[in-house]
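Mapping of the sequence shown onto UniProt numbering: residues 1 to 229, in sequence order.
For each residue, glycine too, the CB sits at the ideal point set by N, CA and C.
The model shown is predicted, which means the values in this text are computed figures rather than measured ones.
Take a look at the structure set out below.
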Amino acid sequence: MTNFNIQVISDSVCPWCYVGLRRLSRAIATHKTTYPADTFTLTWHAYYLRPNNPPYPGIDKKEFYIDRFGEDGFAQISNRLGEVGRQEGIAFKFAGRLGNTRDSHRLIWYAGKKEKEAGSPVSEPGVVGGLQTRVVENLFRAYFEEEGNITDRKVLLEAAVLAGLDRAEVEKLLESDEGGLEVDVEAGRAQRKLVTGVPYYTIQGQYAIGGAEDPSAFLQAFEQVKQNP
1 MTNFNIQVIS DSVCPWCYVG LRRLSRAIAT HKTTYPADTF TLTWHAYYLR PNNPPYPGID
61 KKEFYIDRFG EDGFAQISNR LGEVGRQEGI AFKFAGRLGN TRDSHRLIWY AGKKEKEAGS
121 PVSEPGVVGG LQTRVVENLF RAYFEEEGNI TDRKVLLEAA VLAGLDRAEV EKLLESDEGG
181 LEVDVEAGRA QRKLVTGVPY YTIQGQYAIG GAEDPSAFLQ AFEQVKQNP
């Protein structure tokens with residue numbers, strides 16, 4: 001039996017990070033058909049794609065993309081993501097608001113802390129990993145499919161509670177700056193490692209995969225780990 005330790009560097013407003021999670025999940029499901037006893041531990045780390053984005057209430061998402069890429073560029077991006085999303089079971093939408101993701105990363109950090117305190121991850125059908133990954137998945141779904149505002153603490157709270165975190169404890173977290181230093185350090189560490197884009201995966205501390213690669217890339221890395229334990 002092999003336990004795969006996967007470190008994931010990600011940002012909550014990165015569409016390819018959502019795609020990458022789905023592809024990683026498919027790769028894990030495929031791998032376990034051959035090696036059912038193998039386990040996977042996912043740990044998520046912060047990355048700030050746009051650290052200067054404003055806090056709540058943020059800015060209009062569609063207007064941001066059009067300002068940055070132009071009408072034609074936005075159309076190409078939305079069409080491409082729509083096509084890829086359909087293949088991965090993601091219904092990408094482009095209305096709503098975007099903004100600073102630091103609070104979302106504090107929530108993800110907190111979920112990881114609680115998962116470690118529990119001693120073992122609790123799996124959920126359709127979601128790879130434990131509590132922290134469930135929070136990440138819920139945030140992706142809220143932002144990309146439900147047009148939720150990533151800067152709105154009500155959206156963050158709902159994602160946390162759906163994952164199984166205590167409402168009162170999360171409210172206290174969001175009202176404070178707990179975890180802020182930790183996620184700032186994580187984001188800075190990623191930059192010092194010259195990680196210039198996300199998602200970025202490190203498997204067993206030695207096999208790196210950058211970008212939302214097809215499941216085959218993950219499966220190849222898993223097999224390398226099996227052959228070189």
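Please determine, among the options, the residue with the shortest C-alpha to C-alpha distance to residue i.
i, options, result
"residue 215", "22, 69, 54 and 9", "22"
"residue 212", "18, 4 and 5", "18"
"residue 53", "98, 180 and 228", "98"
"residue 61", "24, 75, 149 and 111", "149"
"residue 129", "2, 39, 59 and 87", "39"
"residue 105", "79, 161 and 186", "186"
"residue 195", "11, 81 and 134", "11"
"residue 113", "184, 29, 198 and 44", "44"
"residue 7", "65, 200 and 229", "200"
"residue 165", "16, 111 and 220", "111"
"residue 168", "153, 91 and 182", "153"
"residue 103", "66, 67, 64 and 157", "157"
"residue 94", "228, 87, 63 and 5", "63"
Is it the case that the Cβ atoms of residue i and residue j are separated by a distance below 7 Å?
i, j, result
"residue 136", "residue 108", "yes"
"residue 131", "residue 146", "no"
"residue 163", "residue 155", "no"
"residue 218", "residue 27", "yes"
"residue 9", "residue 198", "yes"
"residue 159", "residue 173", "no"
In this structure, how does DSSP classify residue i when only helix, strand and coil are distinguished?
i, result
"residue 212", "coil"
"residue 60", "strand"
"residue 95", "coil"
"residue 219", "helix"
"residue 173", "helix"
"residue 231", "There is simply no residue 231 to check, as the chain begins at 1 and stops at 229 in what is shown."
"residue 206", "coil"
"residue 200", "strand"
"residue 240", "The shown model of the chain, from 1 to 229, leaves out residue 240, and the question about it has no answer."
"residue 77", "helix"
"residue 3", "strand"
"residue 108", "helix"
"residue 8", "strand"
"residue 103", "helix"
"residue 166", "coil"
"residue 88", "helix"
"residue 50", "coil"
Length at least 4, wholly inside the stretch 13–40: the alpha helix (DSSP H) runs in chain order | 15–34
Just checking, does the stretch 198–213 make contact with the stretch 58–73 on the three C-beta pairs under 8 Å criterion?
-> no
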